Each structure stands twice: as structure tokens, then as C-alpha cells.
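Trainee: Mapped onto numbering that gives the first Met the number 0, the consecutive letters of the sequence shown carry residue numbers 0 to 162.
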Amino acid sequence: MVKTILQIAALSLVASTWALAQADGRQGTGDGYFFFGPGVQASRSWTEGIMQTGGGAEGTFYKGLGVGIEASYLFPLDGPSYGFFTLAPSAIYQFGHEGRTVPFVTGGYALAFRSEAAGLAHFGGGVMHWLKPKYGLRLEVRDHYHNANDSHILVFRVGLAVR
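1. For the region 49-119, list the beta strand (DSSP E) runs that are entirely contained and at least 3 residues long, ordered along the chain.
2. Three-state secondary structure (DSSP) at R156?
3. Taking only the alpha-carbon atoms, compute the straight-line gap between G38 and Y61 and give it to the nearest angstrom.
4. E69: which of A111, R99, T28 and W45 sits nearest, CA to CA?
5. Less than 8 Å between the beta carbons of L161 and D30, yes or no?
6. From the DSSP output, which residues share a beta bridge with D137?
7. Is A147 helix, strand or coil by DSSP?
8. Would you mind stating whether L119 and Y81 have Cβ atoms separated by less than 8 Å?
9. So, under 8 Å CB-CB, G67 and S89 are touching, yes? Tell me the CB distance rounded to an integer number of Å.
10. Just confirm the distance between the C-beta atoms of Q93 and S71, as a whole number of angstroms; I'd bet it's less than 8 Å.
11. Excluding sequence positions up to five away, which residues of its chain have a Cβ less than 8 Å from the Cβ of A147?
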């Protein structure tokens, strides 16, 4: 299990690095980010408050289209030790990616794991606002969906981005 997770992480890192090296008449852009945020995990029969914290990296390589990878920890508000980790490769599209404020959408797969593993789909969107040339504020809403128990994990994330 750990070997598979490390292989996925290594492959995602290689793919992200390759994407950052591509150009469409200008250099590709890349940034890293750290985030935290409150949210809710809900199914048809229960709801609970959660928090998520983590970090990631992403890069665009063709007219705002790009890839990313992130790792995070999601946990219930009433029991941080009962959380789980995620590793999430994703696709991203940035609208008007050359300005100071950059709206984006993202989606992909997330591997959730603790003592067992589960696959989640994730999608969301937000805005990256570059306060300085190398530092920015990232605001995002992201939904993780688990098909097996028809549950959603909806999180509002606030983060710091660096170039």
C-alpha cells in the first residue's frame, strides 16, 4: 500500500515537472501553496464539521491548462486523531492566467487513506490573487465525492501561494 502511494506521488511529481518545462510561446508558470479550511462532510444520513490542511504544487503549460498534485489531512472537528490523508493529482484550468487575479477550476482523483484506502473524485474552483510577484492569496471551494457511501466533503480553503 505504501509502495503504491509513493509510486503515485513520484509519477505525479514527474508529470508536474514535465508540464512546467513546456512552453506555448512563453514560459510555463508554476507555484506551490499551503492551505487550511473548514468544511462539512455529509451523506444522506449524517453530517459533521471537518477541517482540512495541506499543500501542493501546480503548473500551467498550455493557455491556462495545467496539472497539479497535493497532499492533505482531513479530520473531524471533534476528533483530529480520527482523520485521514489524501494524495490528489488534478487537472487545472486558469482563466486569464497572466493577470494579478486568476480564477481557476480544478478536478481529479484523490486517494484517501488511513488504515484502508478509498478513491474520491474532487472538483472545485477559486481565485488566486497575487499580492506580490512571488506571494499570493488562494481562496478555493473544493468538493470531494465518495461514490461508495454517496458522501460529499465540501471545504472552503484559504491558502498562501508562492512562485
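Glycine included, C-beta positions come from ideal geometry on N, C-alpha and C. Small disclaimer: the values here were computed from a predicted structure and weren't measured.
Mentor: By the coordinates alone:
1. Every unbroken stretch of the beta strand (DSSP E) spanning 3 or more residues and falling wholly within the region 49-119 is given here in chain order: 64-75, 83-93 and 100-112.
2. The answer is strand: DSSP assigns R156 an E or B state.
3. The straight-line gap from Cα to Cα measures roughly 32 Å.
4. When each option's Cα is compared against that of E69, the closest is A111.
5. Reading off the sequence, residue 161 comes out as Val, not Leu. Result yes, Cβ atoms of V161 and D30 sit closer than 8 Å.
6. Here residue 137 turns out to be Arg, not Asp, going by the sequence shown. Note: R137 sits in a beta bridge opposite M127 and G158.
7. Secondary structure of A147 (DSSP, three-state): coil.
8. When the beta-carbon positions are compared, L119 and Y81 stay at least 8 Å from each other.
9. Between S89 and G67 the Cβ distance is about 5 Å, and since that is below 8 Å, they are a contact.
10. Contact flag wrong, Cβ pair sits at about 21 Å.
11. Cβ neighbours of A147 beyond the five flanking positions: A117.
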